[in-house]
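Residue numbers (the working numbering): 10 to 440. Here is the structure we will look at, set down as structure tokens.
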């Protein structure tokens, strides 16, 4: 018979081992991220080189206003400057430390997200598996097969939920994950009973809405393209529900006041911030090269410059979510977040397929970021649902599907390591 002292010792030992596993993955992520940023910052055409030696050096030079107008989403840059000017850390190392912090935030938020989902669904899962799954989501890259080329070079054209090469995406990713969790909880509180249990945060409806508004607002100063995708996607879902209520001749005015109008008010600070940034960037000369502003392009015209086969590119970058939707769409769509990931991906895809910039920046693909954030939301939702599928798997066929899902995740992780090895020029890993 176990005494209370033995139980306490066992719990303490379990907590220590779980924390150790979590920190081991965090250290691996920190090491890889730091090395990648140091390496990329020295490459003239990399995003890190541009943000460090164009934006930041202009911030601390003779014309900080010009630098601000070039990058009104300045959260990453300000933190780098804090490390550099206040703590006297060299500029490249400051950039690496800042990126490492945001990447770790995404990792720990994903651990939290999976853990709370499993608790909500009463799924028994080891913390080590949760940490490993979060590590996969933080490091994975698109599949690349040389004889099925979907791009100009390795992975180009497939795009990714982990564009480690871009500092501002890395800064906005934690806010995207928080907003994904908060909107799921807010919908549960708004469209269910007042006592309905939330999936992620144990907050009231008012606190959830306020926090969501703050996170959306801050995300716009990390990288505005997330909210440019997320707000329309949420709006489309809620308008569709409103139309459904109208057709069913239910109390539409009640839904409009308690859900639709409040959702608009939650998003309003972010919307105003987006309008301000668009004004600064596109109409007051903030863009760093000559452009003709935002334009409507031919269908997939910009993407065609990056990929020889767009459907194959989507398959390479989204094989796991596609697998989940094909295998268990009926149950996936019943989740609180079921339609969110699908609509986010569709909205982001349409934005990147139809919108571009004129002039010299036409083929920069700056509207692909919306789709990459849409991909992230769909990946996150499908990963959570995958744990629920694993819990319910009873037949041999269902267990085989779970095994196939893990194999797909490991393949994507494998290509994540290949991407790191290629950037770092670790040729000994290539055959």
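Each residue gets a CB set at the ideal place from its N, CA and C atoms; glycine is no exception. As the structure is a computational prediction, the values presented were derived from the model and not from experiment.
- Here the region 225–240 lies against the region 69–88, with 3 or more beta-carbon pairs under 8 Å apart.
- Between residue 151 and residue 179, the C-beta spacing is not below 7 Å.
- Residue 144 and residue 116 do touch by the CB rule: their CB atoms are close to 7 Å apart, below 8 Å.
- With a threshold of 16 other beta carbon atoms within 10 Å, residue 260 falls short and is exposed.
- In the three-state reduction of the DSSP assignment, residue 374 falls in the coil class, being assigned neither a helical nor a strand state.
- Close CB contacts of residue 348 within its chain, under the 7 Å cut and outside five residues either way in sequence, are with 246 and 342 (chain order).
- The C-alpha of residue 59 lies about 14 Å from the C-alpha of residue 373.
- Using a C-beta cut-off of 8 Å, the region 375–388 makes contact with the region 180–190, since at least three inter-stretch Cβ pairs fall below that distance.
- Rounded to the nearest whole angstrom, the CA to CA distance from residue 61 to residue 199 is 43 Å.
- Here residue 208 is not near residue 344, since their CB atoms are 7 Å or more apart.
- Of the residues 309, 318, 330 and 387, the one whose Cα lies closest to the Cα of residue 362 is 309.
- Ranked by Cα distance from residue 222, the first of 174, 272 and 112 is 272.
- Within the DSSP bridge table, the entry for residue 365 names 304 as partners.
- Each residue's CA atom was taken as its position, placing residue 92 and residue 103 some 5 Å apart.
- The C-beta distance from residue 387 to residue 350 rounds to 3 Å, short enough to meet the 8 Å contact threshold.
- Taking the CA atoms as reference points, residue 167 sits about 44 Å from residue 262.
- DSSP places residue 131 in the coil class of the three-state scheme, outside both helix and strand.
- Non-local C-beta neighbours of residue 109 in its own chain, meaning closer than 6 Å and more than five positions away in sequence, comprise 39, 42 and 43, ordered along the chain.
- The beta carbons of residue 68 and residue 55 sit about 19 Å from each other, so the pair does not count as a contact at 8 Å.
- Closest by C-alpha distance to residue 429, out of 57, 45 and 24, is 45.
- Looking from the CA of residue 191, the closest CA among 291, 215 and 96 belongs to 215.
- Here residue 417 is not near residue 149, since their CB atoms are 7 Å or more apart.
- Just so you know, the alpha carbons of residue 213 and residue 89 end up roughly 35 Å apart.
- Taking a cut-off of 8 Å for Cβ pairs, the region 238–257 and the region 267–286 touch, as three or more such pairs fall below it.
- Annotation for residue 75: the continuous alpha helix (DSSP H) segment containing it runs 73–79.
- DSSP places residue 360 within a helical segment (H, G or I) once states are collapsed to three.
- The three-state reading of DSSP puts residue 399 in helix, counting H, G and I together.
- Remark: C-beta atoms of residue 264 and residue 280 do not approach each other more closely than 7 Å.
- Here residue 388 carries a helix assignment [DSSP, helix/strand/coil].
- Boundaries of the alpha helix (DSSP H) around residue 408: 405–432.
- Comparing C-alpha distances from residue 236 to each of 257, 267, 277 and 266 shows the shortest one belongs to 277.
- Ranked by Cα distance from residue 291, the first of 366, 174 and 31 is 366.
- The DSSP-derived three-state label of residue 95 is helix.
- Following the DSSP letters along the chain, one finds residue 167 in no alpha helix (DSSP H), marked with neither H nor E.
- Separation of residue 187 and residue 217 (C-alpha to C-alpha, rounded to the nearest whole angstrom) is 11 Å.
- For residue 353, the closest C-alpha among the options 328, 333, 107 and 390 is that of 390.
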